[in-house]
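Number of protein chains: 4
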Amino acid sequence: MVVALVGASGKLGSVVSSLLKRQHLIFPVDLKNAEYRSLNDIPYEYDIIIDVSCPQQSVFSVQNAVENKIPIVIACTGHSEEQLKLIKKCAEEIPVFLAYNMAVGAEVFKEASVFIAERFSSDVHIHEQHHKFKKDAPSGTAVELKRELEKTKNDVSTSSARGGDVVGTHEVSFYGQDELIKLTHIAENREVFARGICKVAEYVRCQRPGFYTMADFVDNFTVKTR
Amino acid sequence: MVVALVGASGKLGSVVSSLLKRQHLIFPVDLKNAEYRSLNDIPYEYDIIIDVSCPQQSVFSVQNAVENKIPIVIACTGHSEEQLKLIKKCAEEIPVFLAYNMAVGAEVFKEASVFIAERFSSDVHIHEQHHKFKKDAPSGTAVELKRELEKTKNDVSTSSARGGDVVGTHEVSFYGQDELIKLTHIAENREVFARGICKVAEYVRCQRPGFYTMADFVDNFTVKTR
Amino acid sequence: MVVALVGASGKLGSVVSSLLKRQHLIFPVDLKNAEYRSLNDIPYEYDIIIDVSCPQQSVFSVQNAVENKIPIVIACTGHSEEQLKLIKKCAEEIPVFLAYNMAVGAEVFKEASVFIAERFSSDVHIHEQHHKFKKDAPSGTAVELKRELEKTKNDVSTSSARGGDVVGTHEVSFYGQDELIKLTHIAENREVFARGICKVAEYVRCQRPGFYTMADFVDNFTVKTR
Amino acid sequence: MVVALVGASGKLGSVVSSLLKRQHLIFPVDLKNAEYRSLNDIPYEYDIIIDVSCPQQSVFSVQNAVENKIPIVIACTGHSEEQLKLIKKCAEEIPVFLAYNMAVGAEVFKEASVFIAERFSSDVHIHEQHHKFKKDAPSGTAVELKRELEKTKNDVSTSSARGGDVVGTHEVSFYGQDELIKLTHIAENREVFARGICKVAEYVRCQRPGFYTMADFVDNFTVKTR
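Written out as structure tokens, the structure is:
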């Protein structure tokens, strides 16, 4: 793959960059500290855009992707309704992958939680743990998981612990009658997010135009190719 | 329900009996210590047979069920190929439910494990814990789980711990790259097995003739009625 | 042992009663539903009083113990300052054991938590889980544990989950730099509390006059007799 | 500190090196790929030797430490009886710290396990988990822990899981009657070992001559300075 990586000098961007470099050609793009300041500055062709910058920037990237008729992976959160609408419009012409939590296992964990909730009569509690510098609680993943689980269960409660340098641990307890099921996801280090981005990039490259999320990747790709 | 309970004075039988009695009429059957020594001794009609005795005995029970055109729940393990064949033959005429692990959560746990294995690239290990008097290791549930998981994964390893009065804890670890998923099922007490039998009895009563297992109960019943 | 059991027909009292009966002679005392309505009604001698009733009642029991020069185990919570003072005064003449959490393992768990906190540089979080009918949160044990740990650590946080029929699970996480230690105590059923009371009764019987708690039992008795 | 780091270009050595460099002056020593090939080549004075090479090499290092009257930290495993005897002889003249598992938390974990075993009547099982490339099982830490626990408990069993890139997780389960205690130590990354070495180096620098281990560090240093 020849990749244009937007947001290449950010925290996540630099890990993605160093992972991709081992096998692929990259054009790093960033307002500062990168080889190119914008996608338009790249004088060569690229196969795919990976954008790990910010919502505003990602809108320009997706328009560039449409112009070049190439796929794009957007890996940042916090798009406005309007930005999302625009992105989905673009997805009619090219493959667009929008990912909030890049760890493949986190998506599997979420889907398995829903699977259990649908089948097991129980009270449900989500307990999440992160490093002490994480200010918001519960985590975005816990909030999203709660919303998903409440489609099946009434009143899913959550709790949070902050301490040390925990990358991210999420635990769902299903308290049944005389038995319980517990499902845990542990991110061991921050590389896992970068690695997820690289995996979905290879996946989305081969797709038809459309709007894709982690659920598509997990359900269609991993199940079929196992 | 009016239930003929075969094996009523066994360890499991007596718990099932006391649970059922709260809401249903029971005719307890056992070679000793029960009101009736055989199904043929019961001078009344019954709606369903629950057999918690042994493979040999269950063959007689299923034949009695066919004669009376009523459903049967068989909750014992260790049937020979031939016995199984006979039971399945009977299932053409009446609903037959054959259950190995009666805890509903244990079935959900097993299915969720397979769900994760199919989607998450990882090494898999099963660790099971039981009370110190359990002689066989790994447990029957762990063996069956391993067989199921090996349809997707190479070489699923297992380990066992024996101690105290642990009813039954099964833990599947999916070790991925930079992240891991862990799924745990804990049986808190032995009533959970009796409770499962009572639940499936109510389920199978309303089914057409056929051969049913815990998977049918979990997938069709609980998902639809949640 | 010949035991006068005050509060014999309460929830905890009846479990203690049925455990003790297997090996000891008991005189059950309670305002209703028991053989005797007060200690004074017992026309025989007894070796020890076990009081599982309530703070007010336990004051009468301890006075009776002083009169008879026999040891007493008090296993109820919520004594006023004044009541405690009186109880400790009595302990100058007879052995008095006052226990809040009767599970021996819960005391060991608490002491081991303090042991770790004193040695391991870390942030600390207590997560406790109980059945859905438990109204107060965090649990009394978690509150006491927090108080103990805060002698060593700043700002120990807590969280609570309520669901199913969980008897009581307490988990302390010590988040260090690049490593973490987790200590968990699980009460598997309610008998554990009754069993603890019986054990401390046998212990306190052989002690000199004085005021004893679970810590004395765990540190002096179990360590020496292992 | 001015440190002579022997084994500086090994796997562990290079992590120790990069950690120390942030605050201290280092002279890296190694047979290849280092600034100096032996301690004797260093033309400057140093305050302490840290040896992360191998048993044979560490014998030379400890002799050099004696000559220079400076403390030494030896962080490699597998010394012969004879080598150990020599090292302990040297410890009469200088402070010698010999450490097998460098993670401070792992030592606290071990001591807390013994603390619980001494107080809690239970069956004990050790379950350890490591990455799939670890060939030996059970781990050295599990073997040592088993030996320590068997001073108190009969027959401590162990089990092992290998998978993914798990750095090292050790779990001790104490199965009591109606309750259980579980203690877990998780090494989140390999830096934890290097960090432990740096901490003990600062500790041992201020000690009198003598033979020190992780237990001394944990019990004397952390408890007093908390």
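Protein chains in written order, with the working numbering: chain F, 30 to 255; chain D, 30 to 255; chain A, 30 to 255; chain G, 30 to 255.
Virtual Cβ for every residue (Gly too), placed ideally from N, Cα, C.
Since this is a predicted model, take the numbers as computed values, not measurements.
Going straight from the alpha carbon of residue i to that of residue j, what length do you get?
i, j, result
"G197 of chain F", "G192 of chain A", "24 Å"
"H214 of chain D", "D194 of chain D", "16 Å"
"R66 of chain F", "V35 of chain F", "9 Å"
"N62 of chain D", "D70 of chain D", "14 Å"
"R255 of chain A", "A33 of chain D", "In this prediction, R255 of chain A scores a pLDDT of 46, lower than 50, which makes its location untrustworthy; the coordinate-derived value is nonetheless stated afterwards. Straight-line Cα distance between these residues: approximately 51 Å."
"F162 of chain F", "D152 of chain A", "12 Å"
"P84 of chain G", "A94 of chain G", "15 Å"
"L68 of chain A", "S87 of chain A", "11 Å"
"I123 of chain F", "D245 of chain F", "16 Å"
"L209 of chain D", "F149 of chain D", "9 Å"
"E64 of chain A", "S38 of chain A", "10 Å"
"A128 of chain G", "G225 of chain G", "10 Å"
"V185 of chain G", "S168 of chain G", "15 Å"
"Q92 of chain F", "I78 of chain F", "11 Å"
"M131 of chain G", "N97 of chain F", "54 Å"
"S47 of chain D", "V229 of chain A", "34 Å"
"L115 of chain D", "P72 of chain D", "27 Å"
"V45 of chain A", "I155 of chain D", "38 Å"
"I145 of chain F", "G205 of chain D", "21 Å"
"Y241 of chain D", "S43 of chain D", "24 Å"
"F89 of chain A", "Q52 of chain A", "27 Å"
"K74 of chain G", "V221 of chain F", "It is worth fixing the name first, because residue 74 of chain G is Glu in this sequence and not Lys. Going by the C-alpha atoms only, they are around 44 Å apart."
"T106 of chain D", "Q112 of chain G", "59 Å"
"N183 of chain D", "F56 of chain F", "38 Å"
"N249 of chain G", "K117 of chain G", "20 Å"
"K164 of chain G", "R237 of chain D", "54 Å"
"C235 of chain G", "C235 of chain A", "48 Å"
Check this for me: beta carbons of residue i and residue j, under 9 Å apart or not?
i, j, result
"E147 of chain F", "T181 of chain F", "yes"
"H159 of chain F", "A166 of chain F", "yes"
"G239 of chain G", "A120 of chain G", "yes"
"A216 of chain F", "D207 of chain D", "yes"
"D76 of chain A", "V31 of chain A", "yes"
"V81 of chain D", "P100 of chain D", "no"
"L178 of chain F", "V143 of chain F", "yes"
"K211 of chain F", "L174 of chain F", "no"
"V247 of chain G", "V102 of chain G", "no"
"V133 of chain A", "M243 of chain A", "yes"
"R176 of chain A", "L41 of chain A", "no"
"E231 of chain D", "E200 of chain D", "no"
Interface residues of chain C around residue i at Cβ under 9 Å?
i, result
"G197 of chain A", "As a matter of chain content, chain C is missing from the structure shown, whose protein chains are F, D, A and G."
Roughly how far, in whole angstroms, is the beta-carbon of residue i from the beta-carbon of residue j, given that I think they are within contact range, below 8 Å?
i, j, result
"T170 of chain D", "A135 of chain D", "6 Å"
"L49 of chain D", "C227 of chain D", "6 Å"
"A190 of chain G", "S202 of chain D", "6 Å"
Got a sec: which bits of the region 195–225 of chain D sit with their beta carbon under 7 Å from any beta carbon on chain F, in order along the chain?
Taking 7 Å as the Cβ-Cβ cut-off, the region 195–225 of chain D approaches chain F at G205, Q206, D207, E208, L209, I210, K211, L212, T213, H214, I215, A216, E217, N218, E220, V221 and R224, given in chain order.
Looking at chain F, which residues of the region 118–152 of chain A have a Cβ within less than 8 Å of any of its Cβ atoms?
For the region 118–152 of chain A, which is checked against every Cβ of chain F, the residues closer than 8 Å are S151 and D152.
Mind listing which residues of the region 166–199 of chain G have their C-beta closer than 8 Å to chain D's C-betas, in chain order?
Taking a C-beta cut-off of 8 Å against chain D, the contacting residues of the region 166–199 of chain G are S186, S188, S189, A190, R191, G192, G193, D194 and V195, listed in chain order.
Please give the ranges of any beta strand (DSSP E) in the region 107–148 of chain G, keeping only runs that are unbroken, at least 3 residues long and fully inside the region.
Here the runs fully enclosed are 124–127.
Where in the region 225–254 of chain A do unbroken runs of the beta strand (DSSP E), each at least 3 residues long, occur, reported from the N-terminal end onward?
Every unbroken stretch of the beta strand (DSSP E) spanning 3 or more residues and falling wholly within the region 225–254 of chain A is given here in chain order: 239–241.
List, from N- to C-terminal side, the beta strand (DSSP E) runs of 3 residues or more that fit wholly inside the region 43–67 of chain A.
Those beta strand (DSSP E) runs which fall completely within the region 43–67 of chain A and span 3+ residues are 54–58.
Along the chain, which unbroken stretches of the beta strand (DSSP E) at least 3 residues long are found entirely within the region 86–110 of chain F?
Qualifying beta strand (DSSP E) stretches, in chain order: 101–103.
Within the region 147–235 of chain D, note down every full beta strand (DSSP E) run reaching 3 residues or more, in order along the chain.
For the region 147–235 of chain D, whole beta strand (DSSP E) runs of length 3 or above, ordered along the chain, are 152–159, 186–191, 197–204 and 208–216.
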